Amino acid sequence: MLADIAEFLIEPLRYPFMVRGLLASVMVGTLCAVVGSYVVLRGMAFFGDALAHAILPGIAIAYLLEINLFWGALVMSLVTAVGIGYLSRQGQVKEDTAIGVIFAACLALGVAILSTIQGYSVDLTHILFGNVLGVSETDLWLTAGLGIIVLLAVVLLYKELLVISFDPILAATLRLPLNVLNYLLLVLIALTVVVSLQTVGVALMVAMLVTPAATAYLLTRRLWHMMIIGAVIGTLSSVAGLYLSFYVNVASGAAVVLVCTAFFLLAFLFAPSRGTIWTWLRQKQVKIS
Amino acid sequence: MTPILKVHNLTVRYNGRDALAGVSFSVQPGERVAIVGPNGAGKSTLFRAMVGLIHAQAGSIETNGAEFGYVTQRSAVDWSFPVTVHDVVMMGRISRMGWLRWQRPRDREIAQQCLVQVGMQDYADRQIGELSGGQQQRVFIARALAQEATILLMDEPFTGVDTPSQEAILEILEQMRDQGVTALVSTHDLNLAVERFDRLALLNRQLIAYGPPSQAVTPGTLAAAYGGQALWRGDDYAMVLGDIDCCGEGEHHH
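The structure is reproduced here in structure tokens:
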């Protein structure tokens with residue numbers, strides 16, 4: 001029995017592409033949940049989703065120029081993040097309107113460029129839904145490098161980012177550079193999106209940013225606990241999803257997101273204090289007593 | 290004595306209209322100032338402009354080196370945010386800790402002392418959303434103390450807070466006066482402002498009156514601040530204002 005389980009777990013690791021995929025998944029699962037904690041707490045899910053879609057033209061142009069798609073995505077995501085930040089700060093349009101305009105325009109531009117390329121549909125599928133099993137060694141290093149930079153920034157600026165998210169007025173009183181820190185957070189989210197793109201793809205990106213962090217939110221009462229628990233859930237989901245896709249032969253990105261969602265539903269129903277079941281039980285108790 | 294705070298000709302414009310027009314006043318160390326006015330009078334704007342969160346078109350603020358501590362309006366805070374009482378108080382230490390630094394034992398000690406001072410030390414590990422309104426206000430006062438702020442700005446601390454909690458907050462303010470902490474408190478409750486504060490600022494975009502409550506509140510200044518809503522019946526302003534001020538039976542505690 002134990003040998004069977006071991007065999008079940010070890011079998012996929014005989015393939016180098018699976019090992020690379022697993023490593024990438026673990027990194028992405030961790031990174032997304034940590035940065036995603038801010039996305040959840042600040043209500044930036046739409047921003048994250050838009051950012052993921054808006055990098056399509058960058059990818060398309062990199063494809064045309066035959067350079068690593070990563071660089072196209074990187075440049076485009078930074079431009080979009082800062083662009084949305086700038087446009088919504090002007091105050092003529094609301095933030096979600098600014099996001100909507102930029103997001104749709106970029107997506108259209110990306111599709112337009114890609115549609116001029118012959119045989120683009122296969123690659124488009126990979127871009128939209130991810131292809132974690134196609135992660136190359138170079139991709140892995142880029143993911144690790146950028147991922148470490150983002151995590152370092154989150155750790156080193158933990159108390160500052162916490163304050164600007166919880167109470168911007170206090171941040172101003174403390175003379176923290178509120179704008180710089182807000183933009184920095186946008187850039188950190190942008191980098192996370194780029195790093196995670198190959199694993200989950202454009203369409204499912206927002207799930208990695210939001211779902212593990214939201215699950216952790218239901219289970220904790222401190223931000224750094226939320227980040228750690230979120231990272232564990234994100235990593236577990238990524239690995240489980242990858243095994244699922246290996247054995248059941250479903251698309252890896254979709255499998256990862258479905259496992260994440262299952263965790264979320266469990267927490268939503270059964271989380272102590274914040275879960276639905278407990279709330280319901282408490283209400284019942286109150287009625288009885 | 291030199292004032293600890295001098296606001297001179299402060300003017301803030303929003304969407305083409307004056308939210309604050311030429312507001313000037315000064316505050317002595319340790320004084321407790323109530324800022325009273327109708328909704329939209331610019332009470333929050335005044336505080337936000339003073340700490341630099343809102344850009345002022347004109348005017349100056351001198352604090353003589355004193356630091357502002359801000360007790361945020363309860364409706365402006367996300368109470369489901371995953372932070373504990375201890376975390377919130379520790380936020381006040383951030384500028385003392387400096388960039389890229391973690392809290393040291395001394396910071397934790399100060400945070401603990403500040404919690405003791407507001408009587409919230411037993412709640413350090415609670416998530417802030419689990420506290421009552423008055424307890425939340427006390428935690429935010431502790432945060433300002435941890436910041437070593439000497440001018441406390443409190444935005445509507447008594448809104449949605451029961452009478453015992455209100456008393457507890459006023460008592461803490463009284464203790465803090467002995468430490469030389471000055472407090473500016475915005476409130477809707479004119480009764481309270483008149484009875485419990487050293488000075489009263491009557492605000493409606495302009496500073497209509499400023500001084501000891503008995504001098505600042507007159508039929509004329511009230512009419513200027515509240516327009517037709519203000520009623521005046523002889524000397525008994527407290528009674529009458531209690532009626533206007535929506536809180537049902539005037540709450541007197543002597």
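For the protein sequence lines, the chains are D and F, in the order given. Going left to right, the first sequence walks through residues 1 to 289 as the working numbering numbers them. Going left to right, the second sequence walks through residues 290 to 543 as the working numbering numbers them. Even glycine gets a Cβ: it sits at the ideal position worked out from N, Cα and C. Predicted model only: the values in this text are computed from it and were never measured.
6 angstroms Cβ shell around residue i - same chain, five flanking residues per side excluded
i	result
residue 56/D	107 and 110
residue 281/D	none
residue 171/D	163, 164 and 178
residue 128/D	201, 202 and 203
residue 486/F	321 and 323
residue 358/F	433, 436, 438 and 441
residue 29/D	234, 235 and 238
8 angstroms contact criterion, which residue i and residue j should meet: CB distance rounded
i	j	result
residue 17/D	residue 157/D	With 8 angstroms as the limit, residue 17/D and residue 157/D do not qualify as a contact, their Cβ atoms being about 36 angstroms apart.
residue 153/D	residue 188/D	6 angstroms
residue 326/F	residue 491/F	6 angstroms
residue 360/F	residue 442/F	7 angstroms
residue 207/D	residue 257/D	4 angstroms
residue 194/D	residue 26/D	The Cβ separation is near 17 angstroms, so there is no contact.
residue 96/D	residue 46/D	6 angstroms
residue 271/D	residue 219/D	5 angstroms
Endpoints, alpha helix (DSSP H) assigned at residue i
i	result
residue 235/D	223 to 248
residue 358/F	Per DSSP, residue 358/F belongs to no alpha helix (DSSP H); it is in the beta strand (DSSP E), 357 to 360.
residue 383/F	383 to 386
residue 15/D	Counting along the chain, residue 15/D falls outside any alpha helix (DSSP H), and DSSP gives it neither H nor E.
residue 198/D	178 to 219
residue 467/F	452 to 467
residue 175/D	First-last for residue 175/D: undefined, no H or E at that position.
Simplified DSSP state of residue i, which is helix, strand or coil
i	result
residue 416/F	strand
residue 273/D	coil
residue 306/F	strand
residue 478/F	coil
residue 532/F	At residue 532/F, the pLDDT of 39 sits below 50, so the modelled position is not reliable and the matter cannot be decided from this model.
residue 376/F	helix
residue 352/F	coil
residue 284/D	helix
residue 337/F	helix
residue 140/D	helix
residue 263/D	helix
residue 314/F	strand
residue 524/F	Per-residue confidence for residue 524/F stands at a pLDDT of 48, beneath the threshold of 50, marking its modelled position as unreliable; no derived number is given.
residue 295/F	strand
residue 330/F	coil
Close beta carbons around residue i, own chain, < 8 angstroms, minus the five adjacent residues each side
i	result
residue 190/D	51, 77, 78, 80 and 81
residue 35/D	150, 154, 188, 189, 192 and 209
residue 64/D	113 and 117
Delimiting residues of the beta strand (DSSP E) encompassing residue i
i	result
residue 342/F	Segment: none, residue 342/F is in no beta strand (DSSP E) and carries neither H nor E.
residue 427/F	From DSSP, residue 427/F is part of no beta strand (DSSP E) but of the alpha helix (DSSP H) over 422 to 435.
residue 500/F	495 to 500
residue 411/F	Where residue 411/F is concerned, there is no enclosing beta strand (DSSP E), given that its DSSP letter is neither H nor E.
residue 393/F	That residue, residue 393/F, is in no beta strand (DSSP E); it is neither H nor E in DSSP.
residue 444/F	440 to 444
residue 321/F	321 to 325
Own chain partners of residue i with C-beta closer than 7 angstroms, once the 5 adjacent residues on each side are dropped
i	result
residue 98/D	84, 87 and 88
residue 309/F	299, 300, 301, 331, 334, 335, 338 and 494
Residue burial classification, residue i (beta-carbon count within 10 angstroms, cutoff 16)
i	result
residue 269/D	exposed
residue 212/D	buried
residue 383/F	buried
residue 364/F	exposed
residue 414/F	exposed
residue 344/F	exposed
residue 10/D	exposed
residue 160/D	buried
residue 4/D	exposed
residue 226/D	buried
residue 373/F	buried
residue 2/D	exposed
residue 306/F	exposed
residue 467/F	exposed
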